Structures are given as structure tokens and as C-alpha cells.
Ligand SMILES: C[S@@+](CC[C@H](N)C(=O)[O-])C[C@H]1O[C@@H](n2cnc3c(N)ncnc32)[C@H](O)[C@@H]1O
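Residue numbers (the numbering used here): 28 to 236.
Here's what the structure looks like:
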């Protein structure tokens, strides 16, 4: 953690942080309004969530990120952009969903470029496993949407397999099809690095049935 990241967390947590709680956080109270809530899992230093929050001031954006230095950078960038519709929870996403985020409370969920764990012996560490996908589904409101992108073909194959096992989510592109790249998803560090490695990015969009 750099000194600037540590300072950002100390100074900006009251404005952008979400306190870790043993029970459900009221999202309307958190943002002070009843606007639609969009959730990014593993938001890193915020390339996506900052751009989405800037472009859509009438939505609320909640980022969950386990890596504390990234949270410091994200808070610093949020303050520089003067954002009022963004909050960040520095917690493991599985724990956060199980304990803190109310079910059926979120309109969109984004999981962009999750850690790919390409080695076979590490596949079990991948975030997008059936129980986690089922939890994502349960946190969506009726007609909510789940957006996923990865540049690792092996992970894309894994996601397609897992999705086929979990009910209650409909592939909005077409059964077994990848979605077109959403125009609003800006290219970030991870996508660019994938491109340099010759990887093709796969997008998925699912709707809560
Ligand atoms: C490869 S990075 C992608 C970051 C960002 N989504 C992007 O595309 O620029 C994956 C991020 O997910 C975070 N992450 C991994 N497992 C997590 C978990 N269980 N809960 C919350 N964040 C997690 C990592 O710390 C990292 O910041």
C-alpha cells in the first residue's frame, strides 16, 4: 500500500467507504435515495465503476473489492471526479453477499476480468463457481442483469458450463452464445493486456428469469 493509498482510505472512507457489518446494509440508506443500484464485484482500482458512475449519475454504484490498496486508489479517483453515487466495500465478495448485501436488491451486477487462475490445479480458486453464481442471481431484482467478461478462453468455457448448471438466469444473447461487447465498457488494463497476449475477450449477459 502506498502512502497516498493509505491516506486516501483514512480521509475518504467516511465519504466512500461502507462499514463491514454482521448483518444486511440498507442500500437506500447508504446512498440516501432509492435509485437503481449497480454492483461491481472485484472492481480493482475502479476503471469500470468510475466510468459507469460518471456516465450514469441517476444510478447508484457499489463496488466490492478485497484488495485494500486498490480501494485506496479507487477512493482517490472517486474524490477527484467528485462522485456522489459511488460507495466501496472492502470485503471478500462471497462473504459480503452472504452477510451484508440484501437479496433481490441490485439491478445490475458486473464481474469484469475476474482472476483467471489458468493452471488446472488452481481452477477451484476461480470466483465464478455454481454457488457464487447462484448467490449473484439471488441478489438481482426481477429483470436484473448479470454482465461478465473474461479474456481467458478456458475461463469462458468454465463460465458457460457453470451457467448451464445454475437455473434462474437466461442468456440474453442466445442460448450458449457470447454477447457483443457492451459499448459502455471502456477498455481497461486487463483487457489491453489480454489483447497483447492475443486473447479474445468473451462477454456474457444474463437476465434474472
Ligand atoms: C484481474 S482484477 C480485475 C479488476 C477489474 N474488474 C478490471 O477489470 O479492471 C480482479 C480483481 O478482483 C478482486 N477479487 C478477487 N477475488 C475477490 C473476492 N473474493 N472478493 C472481492 N474482490 C475480489 C481482485 O483483488 C482484483 O482486484
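Here a beta-carbon is modelled for each residue, glycine too, at the ideal position from N, C-alpha and C.
Remember, predicted model here, so these are calculated numbers, not experimental data.
- DSSP links residue 35 through a beta bridge to no other residue.
- Taking the Cβ of residue 139 as the reference point, at least one heavy atom of ligand 1 falls within a distance shorter than 7 Å.
- Around the CB of residue 188, fewer than 16 other CB atoms lie within 10 Å, so the residue is classed as exposed.
- In this structure, the C-beta of residue 134 stays at least 7 Å away from each heavy atom of ligand 1.
- Take the alpha-carbon of residue 178 and the one of residue 208: they are about 12 Å apart.
- Counting C-beta pairs with one atom in each stretch, the segment 102-113 and the segment 144-163 have fewer than three that are closer than 8 Å, which means they do not touch.
- At a threshold of 7 Å, residue 125 does not count as near ligand 1, since its beta carbon sits no closer than that to any of the ligand's heavy atoms.
- Residues 62 of the same chain have their beta carbon placed closer than 7 Å to that of residue 85, with the five preceding and five following residues left out of the count.
- Residue 65 places its beta carbon less than 8 Å from that of residue 79.
- Going by DSSP, residue 176 is part of the beta strand (DSSP E) stretching over 167-177.
- Separation of residue 216 and residue 223 (C-alpha to C-alpha, rounded to the nearest whole angstrom) is 11 Å.
- One thing to note: residue 114 has its Cβ within 8 Å of the Cβ of residue 58.
- Not one heavy atom of ligand 1 sits closer than 7 Å to the Cβ of residue 102.
- Nearest in C-alpha terms to residue 48, of all of 81, 119, 168 and 32, is 119.
- For residue 139, the uninterrupted beta strand (DSSP E) run begins and ends at 133-139, by DSSP.
- For residue 90, the beta-bridge partners assigned by DSSP are 67 and 115.
- Excluding the 5 residues flanking it on each side, residue 166 has same chain C-beta neighbours closer than 8 Å at 66, 124, 128, 129, 130, 131, 132, 133 and 136, in chain order.
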